[in-house]
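Engineer: Mind looking over this structure? Questions follow.
Number of protein chains: 2
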Amino acid sequence: MISYKNLDECRAFSNLGKLPRVDVRSVLDSDRIGSSMVDMAAGLKYFYAAAPVDEAILDCLESLAEEQQLLEKYRALLSGAVMNTGEGRMVLHHLARGRLGDSPAASGSDLRDFYEGERKKAADFAQAVHAGSIRGSTGKAFQSVVQIGIGGSDLGPRAACIALERWARAGGRQKMKAAFISNVDPDDADLVLGSLDLERSLFILVSKSGTTQETLANETLVRTRLEAAGLDSSRHIVAVTSKTSPLAQHPGYLASFFIDDFIGGRYSTSSAVGGVIMSLAYGPDCFEEFLSGAHAMDKTALEPELRRNAPLLDAMIGLYERNILGLPSTAILPYTEALSRFPAHLQQLDMESNGKSVNRDGKPLAYKTGPVVFGEPGTNGQHSFYQLLHQGTDSIPLQFIGFAENQLSGDILSMGTSSRQKLLANLLAQIVAFARGKDDENPNKRFAGGRPSTMILGSRLGPAQLGALFSHFENKVMFQGFAWNINSFDQEGVQLGKVLANKMLSIMQGEKSGDTVLKAMAKAAGFLE
Amino acid sequence: MISYKNLDECRAFSNLGKLPRVDVRSVLDSDRIGSSMVDMAAGLKYFYAAAPVDEAILDCLESLAEEQQLLEKYRALLSGAVMNTGEGRMVLHHLARGRLGDSPAASGSDLRDFYEGERKKAADFAQAVHAGSIRGSTGKAFQSVVQIGIGGSDLGPRAACIALERWARAGGRQKMKAAFISNVDPDDADLVLGSLDLERSLFILVSKSGTTQETLANETLVRTRLEAAGLDSSRHIVAVTSKTSPLAQHPGYLASFFIDDFIGGRYSTSSAVGGVIMSLAYGPDCFEEFLSGAHAMDKTALEPELRRNAPLLDAMIGLYERNILGLPSTAILPYTEALSRFPAHLQQLDMESNGKSVNRDGKPLAYKTGPVVFGEPGTNGQHSFYQLLHQGTDSIPLQFIGFAENQLSGDILSMGTSSRQKLLANLLAQIVAFARGKDDENPNKRFAGGRPSTMILGSRLGPAQLGALFSHFENKVMFQGFAWNINSFDQEGVQLGKVLANKMLSIMQGEKSGDTVLKAMAKAAGFLE
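Right under this line is the structure:
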């Protein structure tokens, strides 16, 4: 029997605050380093020796996870419980990767079959494009694929395509060049289109509702350019949308792939939103491997022991840092250029899911929820904002990610070591530097230390590892949302801006009546006399 | 007579905390919107109607600026005072843009002449490359220019080149394609090199000290590739370095451009670090316009009245948010795709400059200094992390940036409005939504409001506007550093990681003795038996 209560009603949470704090400076020794590693999926490991926890705190966090029934809630979600309470919807992104619970159905049909059917449809379509049996309107084979979408229809798929581009090239698996158009700023589309051979370009329009203003504006822009180039735009654009959207029955698309209301935008890389472009760019097998990695990681998130369940452990360490230590932000620091846009995806995933002030029943919360999430790849960040991370007045928990091997093979020796060795040496050294600090006679060269971190480590980043990473953070965010007793699956906070933007557009078009503050803004900005 | 004291020793700071707080929800009305605008340079305006300040707070912030002698310190800096105390150096990035104080000299020569001489040398070199009188080692004209650098040798110049690419294309001023190699991860260089015609590529190696590990490793990688392609690498690489660096006298460069110790990495876009690539990519005039815009903005930062000095006002509002309201982070939200990497530059500029815990005399501080800075372009962010900004449990001050016109001209009408109108309507609407919020019967759809913001608005983003933006934030950060009584111009916090990384490299190469914690890390990561 599942019950819901706020974090501050939990006995374990109250106990947690009474436990002595851990000084990361003194605990990081060889024993702890050797014993604080959790196996994930796809060969990844989660390393938490530099996290600000000890056995007593971990025991208490495990009790808290039990008291808040985190695994029961996850299992309920897998079996189709309506976990997106505000919108009355199931939450089924896990099901797009494989079966783990009783398979939920909607309108009488098994939804696993629906997701798998759409995946196969995308695979067949991609193979036909690769084989040249589907071509552009002038008969030329497609060479580029461009996703038009925003938010979850952009950030996750874009981060994934960037993450796998080098892997695909190295293995001879790149089929098409992937590009993205997202911003309603027409300069975004303009630069992308200027770099393409339109005759050989296929566009994927992604909008679940079929009403996303930015995406429809960019569709119009792209269609205008295609037609101006003498092309039949309906033979250069496919749609990814819900069956009930106005786009679904529209004749202007070469093909349509379907998604449903049970997979939210920021969780949709595992659906056709990520699957169509990944299948086209790097082949259907690549997308299947991505799903397998994510599915394997979803399984490990069912592990009941806290110390053997990386997403649960990561979630509870993050909660401890946020609610007991009072730390308001978290940095994501991948030591691989391939994950250059992964922090932007996690920023959406975490901040849109858990940036909430009311619980799942709409009651205001008396504790903090989701932190600010930001990050850039290392070692670049070491020469930039790490100054503040090391010596600033706030402590910021760090999540490092690293891989032992390159994706491409162009490494060289310089000064006796390879670039990869330098990269990894920096990664490991930073964890020690942040944790232990260093004293110095010159106070300006003193490092307080005690700055906590965790690390995910793998051998080489490929689709399975990437899928496991996507799953790890989705499940971490989900567990934290359950612990905070919030709904991590809606996003009402984006609505007000949309409503006011439409009012502002009417004012800019000369509407006489209207909000005086909006009018004053338009006037101040020079858009009204 | 300039004197230095900590913020919490200031009478005005103590008064500031006693003033009533401002509720942004109620103050944002037409009058305030119409009267809260400051002229900047290059046609930019700074808009602060939605900032959490009123006349009493502004008066007190002006007193604080006077008490901390912010303008006197700025004037002293302009005239060559040793403001980088720890390293005993002058701070002269303003001088690279023009004279404002008594021109400082070093080793007997006027440094303005030195900076201007290097700028002209870069301009002449760029013109010779564009004219085809300087060519690659196989006699082909150069078409691409690739900067090899990290930190300040990468982020500012990269943000600037991205910001101006569309502007240059629209005006027929793009001379060469600009690219960047930064990360020691060899996958970074590998992907960039794979997209180039090496015979037609010119590389700029940027390292002030000539000892930056990442940059030297990437130089070796690039030279190896050039030689493997049968090219003479010394005819494809120029150096930007200090006259005293080991690179300065090295014969392996086609040309050398000099920088000195008085312009820090994160302030160096105005020096040859940004000037060589901007001159090559978009022409010497473009770089001159950038410097003019920055210089004009440097002048406005001398304005004594707080309400007419945008960088000073921005600095003091930020300080109020940080030290009185206790807000730990700031979001940079440019509503233009051209500024997609400008937040990453500002992240370095702000967090590396002001992420300090000791004052300029090395004494520990009892108050907060620099905040976490992060951001992504709008409207993209609206579909992502804005959820937390609107409805999360923390308030995060927002810095919007917008322009009335496109850089490229490919706009279209859809649903009755242009994409640019939609973009701007969203920008203005967000400011109102964040400030005023909205009540709702459903608590999940309630917006608390009271979330502060400021905005910089211009007509069209070109080099002069970009220069003004660079200057605005540099001077904002400088004024805050003076107010906090810290040294904003060193970065000792990056040293420990470098030292430990070199120890780790020795361990990974089999060194027997060494730090046991580092050894345990190497072993846990699988790099030692």
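Chains as they are written, first to last, in my numbering: chain A, 1 to 529; chain B, 1001 to 1529. All C-beta atoms in this analysis are idealised placements derived from N, C-alpha and C, irrespective of residue type, glycine included.
#1: What number of angstroms, rounded off, separates the C-alpha of residue 1106 (chain B) from the C-alpha of residue 1375 (chain B)?
#2: With a threshold of 9 angstroms between beta carbons, is residue 383 (chain A) in contact with chain B?
#3: Going along the stretch 469-499 of chain A in order, which residues come within less than 9 angstroms of chain B, judged by CB to CB distance?
#4: If distances are taken between C-alpha atoms only, which option among A:143, A:184, A:153 comes closest to residue 178 (chain A)?
#5: Are any of the Cβ atoms in chain A nearer than 9 angstroms to that of residue 1108 (chain B)?
#6: Which same chain residues end up closer than 7 angstroms to residue 1359 (chain B) when comparing Cβ atoms and leaving out the 5 residues on each side of it in sequence?
#7: Mind listing the chain B neighbours of residue 387 (chain A)? Cutoff is C-beta to C-beta under 7 angstroms, in chain order.
#8: Do you know offhand how far residue 43 (chain A)'s Cα is from residue 520 (chain A)'s?
#9: Suppose the cutoff is 7 angstroms on Cβ atoms and the five residues either side in sequence are ignored; what does the same chain contact list for residue 269 (chain A) look like?
#10: Is there a Cβ from chain B that is less than 9 angstroms from the Cβ of residue 504 (chain A)?
#11: Just checking, does the stretch 1196-1206 of chain B make contact with the stretch 1486-1496 of chain B on the three C-beta pairs under 8 angstroms criterion?
#12: Have a look at residue 1092 (chain B) and residue 1162 (chain B) and give me their C-alpha separation to the nearest angstrom.
#13: Which residue's Cα is closest to the Cα of residue 344 (chain A): B:1082, B:1380, B:1326?
#14: Could you give the DSSP three-state label for residue 1046 (chain B): helix, strand or coil?
#15: Check whether the Cβ of residue 1084 (chain B) lies closer than 9 angstroms to any Cβ atom in chain A.
#16: Let's see if you can read the secondary structure: which residues bound the alpha helix (DSSP H) around residue 530 (chain A)?
#17: Determine the chain A residues that contact residue 1256 (chain B) at a beta-carbon separation under 7 angstroms, and present them in chain order.
#18: Does the beta-carbon distance from residue 1464 (chain B) to residue 1217 (chain B) come in below 9 angstroms?
#19: By alpha-carbon positions, which one of B:1439, B:1415, B:1456 ends up nearest to residue 502 (chain A)?
#20: Express the C-alpha separation of residue 1516 (chain B) and residue 1504 (chain B) in angstroms, rounding to a whole number.
#21: Would you mind sorting residue 1001 (chain B) into buried or exposed? The rule is 16 or more other CB atoms within 10 Å of its CB.
#22: Report yes or no: is there a C-beta of chain B within less than 9 angstroms of the C-beta of residue 236 (chain A)?
#23: Have a look at residue 1452 (chain B) and residue 1397 (chain B) and give me their C-alpha separation to the nearest angstrom.
#24: Considering only their Cβ atoms, is the gap separating residue 339 (chain A) from residue 461 (chain A) smaller than 9 angstroms?
#25: Starting from the beta carbon of residue 1166 (chain B), find every residue of chain A whose beta carbon is closer than 8 angstroms, and list them in chain order.
#26: Using a Cβ-Cβ cut-off of less than 8 angstroms, give me the residues of the stretch 1148-1167 of chain B that come near chain A, in sequence order.
#27: What are the complete alpha helix (DSSP H) segments, minimum 4 residues, inside the stretch 245-307 of chain A?
#28: Flag residue 1006 (chain B) as yes if its beta-carbon sits less than 9 angstroms from any beta-carbon of chain A, otherwise no.
#29: Roughly how many angstroms lie between the CA atoms of residue 518 (chain A) and residue 1048 (chain B), to the nearest whole one?
#30: Can you find a C-beta in chain A that's less than 9 angstroms from the C-beta of residue 1408 (chain B)?
#31: Taking only beta-carbon positions, decide if residue 328 (chain A) is within less than 9 angstroms of chain B.
#32: Step through the CB atoms of chain B and report whether any lies within less than 9 angstroms of the CB of residue 446 (chain A).
#33: Just how far apart, CA to CA, sit residue 367 (chain A) and residue 14 (chain A)?
#34: Shorter than 8 angstroms, the distance from the beta carbon of residue 1217 (chain B) to the closest heavy atom of the ligand MN, or not?
#35: Please list, in chain order, all residues of the same chain as residue 196 (chain A) whose beta carbon is under 6 angstroms from its beta carbon, the five residues on each side excluded.
#36: Pull up the distance between the alpha-carbon of residue 456 (chain A) and that of residue 401 (chain A), whole angstroms please.
Structural biologist: Taking the structure as given:
#1: So the alpha carbons of these two residues sit roughly 39 angstroms apart.
#2: At a cut-off of 9 angstroms between beta carbons, residue 383 (chain A) contacts chain B.
#3: Residues passing the 9 angstroms Cβ filter: 487, 490, 491, 492, 493, 494, 495, 496, 497, 498, 499.
#4: Answer by Cα proximity: A:143.
#5: Not an interface residue.
#6: For residue 1359 (chain B), where only same-chain residues beyond five positions count, the Cβ hits under 7 angstroms are 1006, 1365, 1485, 1486.
#7: Taking a Cβ-Cβ cut-off of 7 angstroms, the neighbours of residue 387 (chain A) in chain B comprise 1351, 1352, 1355, 1491, 1493, 1494, given in sequence order.
#8: The alpha-carbon of residue 43 (chain A) is positioned some 57 angstroms away from that of residue 520 (chain A).
#9: Excluding five sequence positions before and after residue 269 (chain A), the CB atoms of its chain that fall closer than 7 angstroms to its own CB belong to 156, 157, 160, 470, given in chain order.
#10: Yes, its Cβ sits closer than 9 angstroms to a Cβ of chain B.
#11: Judged by Cβ distances under 8 angstroms, the stretch 1196-1206 of chain B makes no contact with the stretch 1486-1496 of chain B, as fewer than three pairs qualify.
#12: So the two alpha carbons sit approximately 25 angstroms from each other.
#13: Residue B:1380 holds the alpha-carbon nearest to the alpha-carbon of residue 344 (chain A) among B:1082, B:1380, B:1326.
#14: Strand at residue 1046 (chain B).
#15: So no, residue 1084 (chain B) is outside the interface.
#16: This structure cannot settle anything about residue 530 (chain A), because the visible part of chain A is limited to 1 through 529.
#17: Contact of residue 1256 (chain B) with chain A by beta-carbon distance below 7 angstroms is absent, the smallest such distance being about 21 angstroms.
#18: Not closer than 9 angstroms, so no.
#19: Nearest of B:1439, B:1415, B:1456 to residue 502 (chain A), Cα basis: B:1415.
#20: Taking the straight line from one Cα to the other gives about 11 angstroms.
#21: That one is exposed.
#22: Chain B contact via Cβ: absent.
#23: Taking the straight line joining both Cα atoms gives about 5 angstroms.
#24: At a Cβ-Cβ threshold of 9 angstroms, residue 461 (chain A) and residue 339 (chain A) count as neighbours.
#25: In chain order: 187, 190, 191.
#26: Residues of the stretch 1148-1167 of chain B that bring their beta carbon within less than 8 angstroms of a beta carbon in chain A comprise 1150, 1151, 1152, 1154, 1155, 1165, 1166, in sequence order.
#27: Listed in chain order, the complete alpha helix (DSSP H) runs (minimum 4 residues) inside the stretch 245-307 of chain A are 272-282, 284-300.
#28: No, residue 1006 (chain B) lies away from the interface with chain A (no Cβ there is under 9 angstroms from its Cβ).
#29: Looking at the two C-alpha atoms, the distance is approximately 15 angstroms.
#30: True, the Cβ-Cβ gap to chain A drops below 9 angstroms.
#31: Closer than 9 angstroms to some Cβ of chain B, the Cβ of residue 328 (chain A) qualifies, so yes.
#32: In terms of beta-carbon proximity, residue 446 (chain A) lines the interface with chain B, with at least one pair separated by less than 9 angstroms.
#33: For residue 367 (chain A) and residue 14 (chain A), the gap between their C-alpha atoms comes out near 12 angstroms.
#34: With respect to the ligand MN, the structure offers nothing, as it holds no ligand at all.
#35: Contacts found: 144.
#36: Cα to Cα, residue 456 (chain A) sits roughly 5 angstroms from residue 401 (chain A).
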